[in-house]
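Q: For the sequence shown, this note's numbering assigns the number 56 to the initial residue and increments by one for each residue that follows.
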Amino acid sequence: MPKHSSVAAGCIAAVFLFSDPASAGDQTSKILIDAAKNLSVANWKTGAAQWGARGGPAWSVQLRTLHGGRQEGVQVIEVDNGAMSFTIVPTRGFEVWKAQAGKLRLGWDSPVTEIVHPSLIHLEDNAGHGWTNGFGGWMVRGGLASFGDPVMDGAQQLTLHGHVDYIPASFVSVHYEAAPVPRLVFRGVMNDAQVFGPQLRLTSEISTPIGKAEIAFDDTITNTSDAPQEMEALYHTNFGPPLLGAGAEFVAPIARVAPMNAISGAGGMEGWNRYSGPHAPGYAAQVFTLKLQADARGETEAMLKSPDGSMGALMKFNVHELPAMSLWKNEAPARTGYVTGLEPGTGYPYSRIIERAAGRVPLLKADESYHIHLAISALTSRAEVEAAAAAIGKLAAAEPVIQKTPLVAP
Numbered sequence: 056m057p058k059h060s061s062v063a064a065g066c067i068a069a070v071f072l073f074s075d076p077a078s079a080g081d082q083t084s085k086i087l088i089d090a091a092k093n094l095s096v097a098n099w100k101t102g103a104a105q106w107g108a109r110g111g112p113a114w115s116v117q118l119r120t121l122h123g124g125r126q127e128g129v130q131v132i133e134v135d136n137g138a139m140s141f142t143i144v145p146t147r148g149f150e151v152w153k154a155q156a157g158k159l160r161l162g163w164d165s166p167v168t169e170i171v172h173p174s175l176i177h178l179e180d181n182a183g184h185g186w187t188n189g190f191g192g193w194m195v196r197g198g199l200a201s202f203g204d205p206v207m208d209g210a211q212q213l214t215l216h217g218h219v220d221y222i223p224a225s226f227v228s229v230h231y232e233a234a235p236v237p238r239l240v241f242r243g244v245m246n247d248a249q250v251f252g253p254q255l256r257l258t259s260e261i262s263t264p265i266g267k268a269e270i271a272f273d274d275t276i277t278n279t280s281d282a283p284q285e286m287e288a289l290y291h292t293n294f295g296p297p298l299l300g301a302g303a304e305f306v307a308p309i310a311r312v313a314p315m316n317a318i319s320g321a322g323g324m325e326g327w328n329r330y331s332g333p334h335a336p337g338y339a340a341q342v343f344t345l346k347l348q349a350d351a352r353g354e355t356e357a358m359l360k361s362p363d364g365s366m367g368a369l370m371k372f373n374v375h376e377l378p379a380m381s382l383w384k385n386e387a388p389a390r391t392g393y394v395t396g397l398e399p400g401t402g403y404p405y406s407r408i409i410e411r412a413a414g415r416v417p418l419l420k421a422d423e424s425y426h427i428h429l430a431i432s433a434l435t436s437r438a439e440v441e442a443a444a445a446a447i448g449k450l451a452a453a454e455p456v457i458q459k460t461p462l463v464a465p
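#1: For glutamate 304, which of Phe202, Arg119 and Thr395 has the nearest alpha-carbon?
#2: Which class does lysine 92 belong to by DSSP, given the choice of helix, strand or coil?
#3: Apart from the five residues just before and just after glycine 320, which ones in its own chain have a Cβ nearer than 7 Å to its Cβ?
#4: Please name the residue in Ala451, Thr355 and Ser201 whose C-alpha comes closest to that of proline 417.
#5: Could you name the residues of the same chain whose beta carbon sits closer than 6 Å to that of asparagine 188, not counting the 5 residues immediately before and after it, in chain order?
#6: Confirm, please, whether the CB-CB distance from leucine 289 to arginine 311 is below 8 Å.
#7: Cutting at 6 Å between CB atoms, please list the residues of its own chain near isoleucine 318, excluding the five before and the five after it.
#8: For the pair the region 260-267 and the region 121-131, tell me if three or more CB-CB distances fall below 8 Å.
#9: Could you check the C-alpha separation between methionine 358 and arginine 407 for me, to the nearest Å?
#10: Alpha carbon to alpha carbon, how far is alanine 421 from glycine 332? Give it in angstroms, no decimals.
#11: Among Ala271, Trp99, Ala156 and Leu161, whose alpha-carbon lies nearest the alpha-carbon of glutamate 138?
#12: Can you tell me where the beta strand (DSSP E) holding glycine 197 begins and where it ends?
#13: CA-CA distance, threonine 142 and lysine 158?
#14: What does the Cβ neighbour count give for arginine 242, buried or exposed, with the cut at 16 atoms within 10 Å?
#15: Measuring alpha carbon to alpha carbon, tell me which residue in Ala444, Asn385 and Met245 is nearest alanine 91.
#16: Given this structure, state the Cα-to-Cα distance separating proline 296 from serine 436, to the nearest angstrom.
#17: Less than 8 Å separating the beta-carbons of serine 381 and glycine 367?
#18: By a C-beta neighbour count over all protein chains shown, 10 Å radius and 16 as the cutoff for buried, is valine 62 buried or exposed?
#19: Does the region 247-256 touch the region 275-282, meaning 3 or more C-beta pairs lie closer than 8 Å?
#20: Is the CB-CB distance between leucine 215 and proline 205 below 8 Å?
#21: Quick one, are the C-beta atoms of alanine 451 and glutamine 348 less than 8 Å apart?
#22: Applying the criterion that 16 or more other CB atoms from any shown protein chain within 10 Å of the CB defines a buried residue, is alanine 453 buried or exposed?
#23: From the DSSP secondary-structure annotation, give me the bridge partner or partners of tyrosine 231.
#24: Give the range of the alpha helix (DSSP H) segment to which glycine 396 is assigned.
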């Protein structure tokens, strides 16, 4: 079962206390945003030398406020841990816009080139698909009350992938931990709350070990209301070249795979996990719904392998927390948005009505929390890719079931 907790209020209080430089007793913590104290730092930077880190690779953290065009006023945190750089966007739900490890880029070339400010996004546009008007990030969350296809659910209009990616953080801090493993920790709090609607809080911790091409997401979604509430979470992680290209392959310990719709299954599932390169205009994206095999604790892995097998991106998560995996293949022309998405979630990107009927929508009691851990590593050598493939192979204890028809009838 997913990890639930009823002590969310105490956990959140601990986050605020731990992130306060005064309480830490040194200069290895900094609060960057705190709506409760009317605090927002516009620009700031630090590094290994400033915070007294001894030995190991040099690292740096910089907060910047962007200007011009649709990005006006967006704040970004640019992180370099000595082996990997990435950009957190507090203004956009604490998403990660892009990452880089040596020559390996984690991200894609979206037609949306600026990090669009949430005030310019109207989620109801284009029949509930307004979410795509700012879509361009590497790791973008869907949720918190819903994700998936737009639908009228009772009296509530649900839009594509929910609100969370367009909710500015109410609290942001950065902390350097010297032991047991030197790492940087970024904490953000987003409130998805409205009158006569959801009252959910995301407390996110993004961490990265110094000198390693790794990033981890530890998220807690809390029901802040007095009544039970549904929640959904999706980790829409997007890749373009150099990982994506003709010959690239999705590798995972598949228990079952099915097309999400008739278009996705039109090819008879032949080559569903391989890529053939950008297609001509008129190409229709494909989505595949997967159930993954895991070890005795529920831990599993999935990888996107580059066309020549020399690079990859490896995801690790627990199927008790993220029981569903979706693979989105959008092999459209390059400038249209050539991209694939590896998307672990609490369910599949059908509408919440369909997911509820299938029993894939968690229900949280008042003050109850749902915890998720997701780790992503950039694999920059053939040896790392081969080791990851071998580990995935060990998780595949049974032959996969390849279903040619969607889980949900049209």
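Don't be surprised by glycine CBs; every beta carbon is placed ideally from N, CA and C.
A: Let me spell this out:
#1: Thr395
#2: helix
#3: Pro314, Lys459, Thr460 and Pro461
#4: Ser201
#5: Ile176
#6: no
#7: Ala339
#8: no
#9: 27 Å
#10: 48 Å
#11: Rather than glutamate, the amino acid found at residue 138 in this sequence is alanine. Residue Ala156 is the option with its Cα nearest to alanine 138.
#12: 194-199
#13: 16 Å
#14: buried
#15: Met245
#16: 16 Å
#17: no
#18: Because valine 62 carries a pLDDT of 37, less than 50, the predicted location of this residue cannot be relied on, and the following value inherits that uncertainty. Under this definition valine 62 is an exposed residue.
#19: yes
#20: yes
#21: yes
#22: exposed
#23: Leu239
#24: That residue, glycine 396, is in no alpha helix (DSSP H); its beta strand (DSSP E) goes 394-400.
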